[in-house]
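315 is the number of the first residue of the sequence shown in my numbering; add one for each residue after it. Below: one structure, written as structure tokens.
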Amino acid sequence: RKDDGLERKRSNDLALFWGSRYKVKSFNADMIGEYLRRHDIKFLRGRDGECIVLFQIDPRLPGECLHIVLHASQQIYVMLALLPAAILPRNRSPVEVANNWNVEKRWPRAYYSNDHGLILDWQLDFTPGICQALVDHFTSIFLAGVALCAQELYNASR
């Protein structure tokens with residue numbers, strides 16, 4: 315049959331896709347970059363290879379950006395989000411905001427730094443190795459948690 319060749323090619327294409335996405339390998343910064351490129355997220359590379367992403371919160375707040383830092387530090391995936399002070403509710407202290415987030419949501423973890431403001435973070439140890447699909451999954455989950463927190467804070471501050 316003519317279709318047998320086409321089916322075999324599709325099967326091979328799927329095997330290549332699944333094989334590369336689910337192959338366990340040593341974690342590195344290129345895996346983070348791969349996720350960001352595939353999702354059309356523009357990013358900068360820091361001095362230590364970290365990926366830095368800036369998101370504008372509101373066009374009416376020029377210069378106020380949500381900073382995301384994604385870093386492969388040895389085999390640890392460090393994900394940080396620095397939230398701009400402009401989105402924090404003015405009637406609550408930043409420490410109270412962080413504590414409430416941790417009680418209600420617990421993830422990503424929130425804390426307040428005098429130098430950097432409200433920070434969300436998640437750190438995962440990939441020492442045994444990781445496949446690209448799981449890096450993608452964890453990155454998506456972190457970004458979704460950051461978006462939820464930023465949206466809640468922004469709404470509460472208005």
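In this text, a Cβ means the ideal position worked out from N, Cα and C, and glycines have one as well. All figures in this text were calculated on a predicted structure; none of them were measured in a lab.
Check, Outcome
"Report the rounded CA-to-CA distance for Ala329 versus Val338, giving the unit in angstroms.", "Because Ala329 sits at a pLDDT of 48, beneath the cut-off of 50, its placement in the model cannot be relied upon, and the point is left open."
"According to DSSP, is Cys445 part of a helix, a strand, or is it coil?", "coil"
"If Ile371 and Leu358 are in contact, beta carbons under 8 Å, what's the gap, nearest whole angstrom?", "The Cβ separation is near 18 Å, so there is no contact."
"Identify, in the order they occur along the chain, each residue of the same chain with its Cβ nearer than 6 Å to the Cβ of Pro470, setting aside the five sequence neighbours on each side.", "The question names Pro, yet the displayed sequence has Ala at residue 470. Pro403, listed in sequence order."
"Decide if Trp415 is buried, meaning its Cβ has at least 16 other Cβ atoms within 10 Å, or exposed.", "buried"
"Can you give me the Cβ contacts of Ala412 inside the same chain, cut-off strictly under 7 Å, excluding the 5 residues immediately before and after it?", "Ala424, Tyr425, Tyr426, Leu432"
"Do you know whose CA, among His385, Arg374, Leu397, Pro373, lies nearest Asp429's CA?", "Leu397"
"Looking only at C-alpha atoms, which of Pro373, Gly459, Phe456, Pro442 sits nearest to Asn342?", "Pro442"
"Identify which residue in Pro376, Pro422, His385 has its Cα closest to the Cα of Ala464.", "Pro422"
"Strictly by DSSP, which residues pair up with Ser387?", "Ile390"
"Cβ atoms of Ala395 and Leu434: under 7 Å apart, would you say?", "yes"
"The beta strand (DSSP E) with Tyr425 in it runs from where to where?", "423 to 427"
"Identify whether Leu467 lies in helix, strand or coil by the three-state DSSP scheme.", "helix"
"Going by CA-CA distance only, name the one from Val383, Gly347, Lys356 that's closest to Phe456.", "Val383"
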